[in-house]
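Input: a single structure, listed below in structure tokens.
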Amino acid sequence: MSIESIIIAAYIISLSILFFFGSHGFNMIYYYFKTFHMRTEDLDEKDFFMQDYPVVTIQIPLYNEQYVITRLIDSVIRMDYPKDKLEIQILDDSTDETTSIITGHIQKYLDDGYDVKHIHRTNREGFKAGALKIGLETARGEFVAVFDADFIPRKKFLKRTIPYFYKEEKLGLVQTRWEHLNREYSLMTKTQAIALDGHFVIEQAVRNRAGFFINFNGTGGVWRKECIFDAGNWEADTLTEDLDLSYRAQMKGWRFKYLVNFTSPAELPSDIGALKSQQFRWTKGAIETAKKIYPKVLRSDMSFKLKVQSFIHLYSNLAYPFILMAAILNLPVMLIKLTGMYDTVFKFMSLFIFAFISSFIFYLYSQKDVYPDWQKRIIYFPVFLAGSMGFSVNNTKAVFEGLLDKKSEFVRTPKYHIRDKKDSWEGKKYVNKKLSFTTYIEAFLAVYCFAGVVIAIATAQVAALPFQLMFCGGFSIISYLSIRQVVVTNRINAKNKLAMETN
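In my numbering, the protein residues as written are 58 to 560.
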């Protein structure tokens, strides 16, 4: 077999897999319209008024979150819920001044009679899953809500979620939609919001209404404690303990409820290092969970349709290595096309434009469904798509580490209390100070794909040009932001060090 044949075969395989995962957007939109009549929540206003309030434990797992933790504690205290029926567990694994900040901040609430427990561990055994599990050992609540440090739960959160558990005995979880506090902060946060809206507005809601499995998103939801124990409790053998427990619970027969019309506001990562670490953890954890859970799904008595949907749900991150493969092979494929060989193959490959259309429609409806000004938001879709391509190096590494069972630390996503443009991550603690190896690869691919843009223009390969531009733009943006963050951070640190030495 010639080298040209190998390249074309690899290219077709990569595009076929991308077409498979990408065209799933059509499937979601089909079920979106099929289940649209179920979109409104199924409780009347009178159902949200409870006469006998159950005890609820709110767990706040955190690690080194000095910039946002007091904001979360204050918002939880302000919740519209009887004080004597509310327990707050601050599950603190911090190794910096966050612990002393918490200790000082909660004293006034302890003096006022609030049940606030500050549980500080001197190790991070089991990471977030380990902290949640230890908290459950003493939690007095019948229901357990979880909020990460970057969230600001609404006052009515418990009164809008707890009543659902009384309507359905086998209901194990109520998950709320994430809302974005700092969506307008930068181009990066605007494109992140589009990506997350696709998951929260369409995927989670449609899966739930269609009877497919969904997942707890790690925060912004409330569990029936019995469900957690029945499903086997939190386990720390994957980086996505939330996805893992979700599947184990639903396979035990527990039902989940997703609320698209009630939101939990949260802060989006504002710097590229934080976003990369978040994407890496989510991608690797999903692959780890898929390897652990999907064999059990296959052996179960679930319907074939549910097994297929679960495969796509759990394994969708497998697309990243093939995005990277397509980026690398695009240039040699353009050169091969100039020879006139494989013309039939190239005509066949034009079908893969449908995967792009599928993704666009999917994200279009994620904006139209909940935002009156959706036109102003969806214009960032090309930037989001290019960014997804740019993240293929970072996330491909995560996929392979997950497949090869390479264990790594739970790297939390640092937040800096950023709401608008007057705020900044620059000069803050926790920001990346060193370039990763993947950044060098991203920078190289930016130059490589730019060469592909030049060749596409020079040889008038119009069909290849848009994708070459997006690959080039994606790798350029990600590598530029990564390099800039390190340069700015080190410059500020050097300036501060010099100032201290001068003083």
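For glycine and all other residues, C-beta sits at the position ideal for the given N, C-alpha and C. Nothing here was measured: the structure is a model prediction, and the numbers come from that model.
Out of the options, which one is the CA nearest neighbour of residue i?
i, options, result
"residue 91", "400, 306 and 264", "264"
"residue 122", "111, 147, 143 and 138", "147"
"residue 111", "200, 117 and 188", "200"
"residue 447", "497, 220 and 434", "497"
"residue 516", "394, 493 and 227", "394"
"residue 220", "484, 351, 108 and 182", "108"
"residue 184", "555, 465, 306 and 63", "465"
"residue 310", "269, 330, 321 and 391", "269"
"residue 342", "534, 127 and 272", "272"
"residue 484", "525, 469, 441 and 545", "545"
"residue 384", "509, 82 and 105", "509"
"residue 476", "64, 128, 106 and 59", "128"
"residue 456", "118, 556 and 371", "371"
"residue 233", "202, 369 and 507", "202"
"residue 495", "557, 538 and 76", "538"
"residue 215", "306, 104 and 76", "104"
"residue 632", "170, 413 and 175", "Nothing in the structure corresponds to residue 632, since the chain is present only between 58 and 560."
"residue 238", "505, 513, 478 and 507", "478"
Can you tell me the Cβ-Cβ gap for residue i and residue j, rounded? I've got them flagged as a contact below 8 Å.
i, j, result
"residue 80", "residue 467", "Contact flag wrong, Cβ pair sits at about 33 Å."
"residue 332", "residue 249", "7 Å"
"residue 472", "residue 113", "No, residue 472 and residue 113 are not in contact; Cβ-Cβ is about 25 Å, not under 8 Å."
"residue 297", "residue 235", "Not really, about 16 Å apart at Cβ, beyond 8 Å."
"residue 151", "residue 120", "6 Å"
"residue 163", "residue 130", "6 Å"
"residue 172", "residue 134", "So it is not a contact: roughly 11 Å between Cβ atoms."
"residue 335", "residue 326", "6 Å"
"residue 535", "residue 420", "With a Cβ gap of about 19 Å, residue 535 and residue 420 do not count as contacting."
"residue 255", "residue 313", "About 19 Å separates the two Cβ atoms, so there is no contact after all."
"residue 438", "residue 417", "6 Å"
"residue 253", "residue 344", "About 20 Å separates the two Cβ atoms, so there is no contact after all."
"residue 186", "residue 292", "6 Å"
"residue 502", "residue 532", "4 Å"
"residue 355", "residue 67", "Not quite, the Cβ-Cβ distance comes to about 28 Å (not below 8 Å), so this is no contact."
"residue 308", "residue 357", "6 Å"
"residue 373", "residue 78", "6 Å"
"residue 330", "residue 443", "Residue 330 to residue 443, Cβ: 19 Å. No contact."
Any idea if residue i is buried or exposed, counting beta-carbon neighbours within 10 angstroms, 16 or more meaning buried?
i, result
"residue 396", "exposed"
"residue 136", "buried"
"residue 462", "exposed"
"residue 432", "exposed"
"residue 143", "buried"
"residue 553", "exposed"
"residue 62", "exposed"
"residue 481", "exposed"
"residue 161", "exposed"
"residue 194", "exposed"
"residue 189", "buried"
"residue 204", "buried"
"residue 541", "exposed"
"residue 149", "buried"
"residue 528", "buried"
"residue 96", "exposed"
"residue 294", "exposed"
"residue 511", "exposed"
"residue 118", "buried"
"residue 499", "buried"
"residue 382", "buried"
"residue 445", "buried"
"residue 59", "exposed"
"residue 430", "exposed"
Verify the contact flag: residue i, CB atom, against every heavy atom of the ligand GTP, threshold strictly below 8 Å.
i, result
"residue 304", "This structure lacks the ligand GTP, and indeed carries no ligand of any kind."
(message) I want to know whether the stretch 86-98 touches the stretch 253-264 - three or more CB-CB distances under 8 Å.
(response) Pairwise C-beta distances place the stretch 86-98 in contact with the stretch 253-264, as three or more of them are shorter than 8 Å.
(request) Within the stretch 346-393, note down every full alpha helix (DSSP H) run reaching 4 residues or more, in order along the chain. (result) Given a length threshold of 4 residues, each whole run of the alpha helix (DSSP H) inside the stretch 346-393 is given here in chain order: 361-372.
(message) Which complete alpha helix (DSSP H) runs does the stretch 276-323 hold, if anything under 4 residues is left out?
(response) Whole alpha helix (DSSP H) segments, 4+ residues: 282-287 and 298-308.
(request) Pick out the complete beta strand (DSSP E) segments inside the stretch 149-202, 3 residues or longer, and give them in chain order. (result) Those beta strand (DSSP E) runs which fall completely within the stretch 149-202 and span 3+ residues are 172-177.
(request) Mind the definition here: the stretch 448-455 touches the stretch 310-330 only if three or more C-beta pairs lie below 8 Å; say whether that holds. (result) Contact between the stretch 448-455 and the stretch 310-330 is absent: fewer than three C-beta pairs spanning the two stretches fall below 8 Å.
(message) Which complete alpha helix (DSSP H) runs does the stretch 91-150 hold, if anything under 4 residues is left out?
(response) Whole alpha helix (DSSP H) segments, 4+ residues: 126-134.
(message) Count Cβ pairs between the stretch 486-496 and the stretch 546-554 that sit closer than 8 Å; are there 3 or more?
(response) Under the Cβ criterion (8 Å, minimum of three pairs), the stretch 486-496 counts as touching the stretch 546-554.
(request) May I ask you to verify whether the stretch 208-216 touches the stretch 271-289, counting CB pairs closer than 8 Å and requiring at least 3? (result) Per the Cβ contact rule, the stretch 208-216 is in contact with the stretch 271-289 (3 or more Cβ pairs under 8 Å).
(request) Specify whether the stretch 378-390 and the stretch 340-351 touch according to this definition: at least 3 beta carbon pairs, one from each stretch, less than 8 Å apart. (result) These segments do not touch.
(message) Count Cβ pairs between the stretch 237-246 and the stretch 221-229 that sit closer than 8 Å; are there 3 or more?
(response) Remark: fewer than three beta-carbon pairs, one from each stretch, lie closer than 8 Å, so the stretch 237-246 and the stretch 221-229 are not flagged as touching.
(request) Flag this pair as touching only if the stretch 517-529 and the stretch 352-369 have three or more C-beta atom pairs under 8 Å; answer yes or no. (result) With a cut-off of 8 Å, the stretch 352-369 and the stretch 517-529 do not count as touching, because too few Cβ pairs lie within range.
(request) Identify every run of the alpha helix (DSSP H) within the stretch 205-278, keeping only runs that are complete inside it and at least 4 residues long; order them along the chain. (result) Qualifying alpha helix (DSSP H) stretches, in chain order: 214-224, 244-254 and 261-267.
(request) Any chance you could list the alpha helix (DSSP H) runs of at least 4 consecutive residues sitting entirely within the stretch 411-439, in chain order? (result) The alpha helix (DSSP H) runs of length 4 or more contained entirely in the stretch 411-439 are, from start to end of the chain, 431-435.
(request) Taking only runs that begin and end inside the stretch 469-517, name each unbroken alpha helix (DSSP H) of 4 or more residues, in chain order. (result) You should have 494-515.
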